[in-house]
Amino acid sequence: MDKLIRRRDLDFILYELLQVEELTRFPRFQEHSRQTFSSALATAYSIAEQKFAPLNRKCDLEEPTYDGERVHVLSEVKEALDAFASAGFISAMYDEAQGGMQLPYSITLACYAVFRAASVAIDAYATLTVGASELIHEFGSDEQKARYLAPMLAGRYFGTMVLTEPQAGSSLADVASTAEPRGDGTYSIKGNKIFISGGDHELTENIVHLVLARIPGAPPGVKGISLFVVPKYRVKADGSLGPKNDVALAGLIHKMGFRGTTSTMLNFGENDDCIGELVGKPHHGLAYMFQMMNGARIAVGLGASVLGYTGYLHALDYARERLQGRSGKDPLSLPVPIVRHADVRRMLLAQKVYVEGALALCLYAGTLSDRAKHATVEAERRESAMLLDLLTPVVKTWPSHYALEANSLAIQVHGGYGYTREYPVEQFYRDNRLNPIHEGTSGIQALDLLGRKAFAEKGASLAILGKEIGSTVQRARSHADTELQSHASQLADAWERLAETSRLLGGAMMQDANLALANASVYLDMFGHTVVAWIWLRQAVLAKEATASAAPADEDFYRGKLAAARYFFRWELPKTGPQHTLLRSLDSSTVDMQESWF
1 MDKLIRRRDL DFILYELLQV EELTRFPRFQ EHSRQTFSSA LATAYSIAEQ KFAPLNRKCD
61 LEEPTYDGER VHVLSEVKEA LDAFASAGFI SAMYDEAQGG MQLPYSITLA CYAVFRAASV
121 AIDAYATLTV GASELIHEFG SDEQKARYLA PMLAGRYFGT MVLTEPQAGS SLADVASTAE
181 PRGDGTYSIK GNKIFISGGD HELTENIVHL VLARIPGAPP GVKGISLFVV PKYRVKADGS
241 LGPKNDVALA GLIHKMGFRG TTSTMLNFGE NDDCIGELVG KPHHGLAYMF QMMNGARIAV
301 GLGASVLGYT GYLHALDYAR ERLQGRSGKD PLSLPVPIVR HADVRRMLLA QKVYVEGALA
361 LCLYAGTLSD RAKHATVEAE RRESAMLLDL LTPVVKTWPS HYALEANSLA IQVHGGYGYT
421 REYPVEQFYR DNRLNPIHEG TSGIQALDLL GRKAFAEKGA SLAILGKEIG STVQRARSHA
481 DTELQSHASQ LADAWERLAE TSRLLGGAMM QDANLALANA SVYLDMFGHT VVAWIWLRQA
541 VLAKEATASA APADEDFYRG KLAAARYFFR WELPKTGPQH TLLRSLDSST VDMQESWF
């Protein structure tokens, strides 16, 4: 069986749930069709299965090393990434005139999901490059685009995002790296950066670092941060490589997961000879970088989803093959596959609802991005952009938590074998454990959702989401099926409670923001569960409508969707009730706790 992502499920999400074929009505995608979308997905599956998946365990066991002069990465990694680039996946969303496939973001995300399921560590090099190239394409000068963009899209240069500093961590207001004007339009960069994924290797000719630093006289805090292109090797006007820039690898960081991706500490300007180029306007660096970071946050949610997904498929396969226990009391009867035991089914069902719901949520975000950028009607573009902005913290965080929980359950299904290296589920868990921290911790995302996004434009984004949920509720209620009607009533009640809790917290923030935001993580979790319940109700409605005429091969698939939706509404959505009670109480336990009491 397919152990990456079920192609049948991916097709269901894209073509039945999200109806991505409708995107071809936009001028940018009018040359595409379901056939071209499916062809791209088939190519992704082929390369992922042949080049990425066989290296996943090997990259974990033989992680990159540094001998004091150069970084050593498995040679097969370069072969896999060359195949990724040659197939056009770095430039997938770019214009055909630039050598791209002009694919929608949602289809590109679906392709990337397959690669991440096969080897998230290898995929990281390529998709970081995608994000860096998009930033240069959007905000770089014509000269910068000419110098860097083509080799990045061809996979000859890779890119990074260079934000974090040892003393600052997630507090980008405390970035201390400097950029001194050199008098010729370039800048001398000096500073120390940490946790830079893909920061050094010899997989490509060059590495293009996008670095946050401060120009002399810049305002304090985040308003004084600028963005610079700092290549590992300087690039001459004719495109050939010049001497090495003054970017020094201070060492590799060894993480519990993503072991195949170099994680680096970089020193810029140790010899006062690190040259960088300003991107866009001075002091606008963080705003530019957030375009890349928001995409990266969706990518984190997607990566978490598919790590949970492949873990689920491995656990399901194991449960069908592992013989243990008996269905009756006769000790002489034959052992049965553990999938027949109720508690194992509980664990598999929980994994199914988490990972299939999370994947659908992430790809839904992809369609919102497509509509926000390319819809021909201004109202559709605006509402899609508002919804995407509201949901981005959820898309990043909910999968990072619940797909990780799915990985934990996959280990449990394997029993004692689950935490041995003979089975891949322990690696999936370690890889996925990084995602609640990647690109802004879960706590930071919670503050973003409750402190900014939920009440932006006087709650207009919440109102748009409420309208979308209401439409699904009405469609479910129109069915004669009593279970769908029950799910619809539950979701309608959950949304009303979310709206009321949000209103109360919004008012409380005007009085005491610290207290109102103290339990923001609970708010995000509740919000995510409500949104994923909506995703599951949408899937259930489609599955119910399809079962009547489904072919025998599809009937089990749709019945599985209906059973998963039933589980989510009976086991998961009710968890939000106590969360509302806690949030509305404005509980002060965390803010009252004194440091000395710990």
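If you read the sequence shown in full-length UniProt numbering, its first letter stands for residue 1, the second for the next number, and so on. Beta carbons: idealized from backbone N, C-alpha and C, even for Gly.
Listed in chain order, the non-local C-beta contacts of Val162 below 8 Å within the same chain comprise Lys193, Ile196, Gly199, His209, Leu210, Val211, Leu212, Val230 and Leu266, local neighbours out to five positions each way being set aside. A Cβ-Cβ separation of about 6 Å places Leu359 in contact with Tyr309 under the 8 Å criterion. In terms of Cα proximity to Gly295, the closest of Asp370, Glu356 and Ala460 is Asp370.
By the neighbour-count definition (other C-beta atoms within 10 Å, threshold 16), Asn271 is an exposed residue.
Taking C-beta atoms under 8 Å as the contact rule, Arg430 and Gly257 qualify, at a distance of about 4 Å. Scanning its chain for C-beta atoms nearer than 8 Å, with the 5 sequence neighbours on each side dropped, one finds around His283 the residues Ile215, Ala218, Pro219, Lys223, Gly224, Ile225 and Ser226, in chain order. For Val73, the three-state secondary structure derived from DSSP is coil.
Looking at the backbone, the Cα of Asp184 and that of Ala87 are separated by about 39 Å. Across the structure, Ile464 and Val531 are spaced so that their CA atoms are roughly 13 Å apart.
Residue state for Ser263 is assigned as strand, using DSSP reduced to three classes. With fewer than 16 neighbouring CB atoms inside 10 Å of its own CB, Gln98 falls in the exposed class. The DSSP-derived three-state label of Pro231 is strand.
Sixteen is the threshold: when 16 or more other Cβ atoms of the shown chains lie within 10 Å of the Cβ of Met526, as they do, the residue is buried. Note: His32 is not bridge-paired with any residue in the DSSP secondary-structure output. Phe89 sits buried, since 16 or more C-beta atoms from the chains shown fall within 10 Å of its C-beta.
Glu277: member of the beta strand (DSSP E) spanning Ile275 to Leu278, first to last residue. Sequence-distant partners of Glu277 (beyond 5 residues in either direction) whose C-beta falls short of 7 Å from its own C-beta, in its chain, are Gln144, Thr186, Phe228 and Val229. Tyr567 and Ile535 have their C-alpha atoms spaced approximately 13 Å apart. Taking 3 residues as the shortest admissible run, the segment 59 to 144 contains no complete beta strand (DSSP E) segment at all.
Shown here for Thr129: same chain residues with a beta carbon closer than 7 Å to its own, the five before and five after excluded, namely Ile90, Met152, Phe158 and Gly159 in chain order. Between Ala176 and Gly191, the CB-CB gap stays under 8 Å. Rounded to whole angstroms, the gap between the alpha carbons of Ala513 and Tyr318 is 49 Å. Annotation for Pro243: no alpha helix (DSSP H) segment contains it, though the beta strand (DSSP E) segment containing it runs Leu241 to Lys244. Under the DSSP assignment, Ala379 falls in the alpha helix (DSSP H) whose first and last residues are Glu378 to His414.
Per DSSP, reduced to three states, the secondary structure at Arg156 is coil, with no helix or strand assignment. Just so you know, the alpha carbons of Ala480 and Ala315 end up roughly 36 Å apart.
Between the segment 102 to 114 and the segment 70 to 79 there are fewer than three C-beta pairs closer than 8 Å, too few to call the two in contact. In the three-state DSSP reduction, Ala550 falls in the coil class, being neither helix nor strand.
Taken atom to atom, the span from the alpha-carbon of Thr397 to that of Ala403 is near 10 Å. Between the segment 501 to 508 and the segment 453 to 460, the count of Cβ pairs shorter than 8 Å is three or higher; the stretches touch.
The C-beta distance from Ala488 to Ala476 rounds to 4 Å, short enough to meet the 8 Å contact threshold. In this structure Thr261 does not touch Leu252 by the C-beta definition: roughly 10 Å separates them, more than the 8 Å allowed. The beta carbon of Glu96 lies closer than 6 Å to those of Gln102 in the same chain, with the five residues before and after it left out. Residue ranges of uninterrupted alpha helix (DSSP H) with 4 or more members, entirely inside the UniProt domain "Acetyl-CoA dehydrogenase-like C-terminal" (467 to 594) and ordered along the chain, are 482 to 511, 513 to 517, 520 to 547, 552 to 567, 576 to 584 and 589 to 592.
When secondary structure is reduced to three states using DSSP, Ser197 falls in the strand class.
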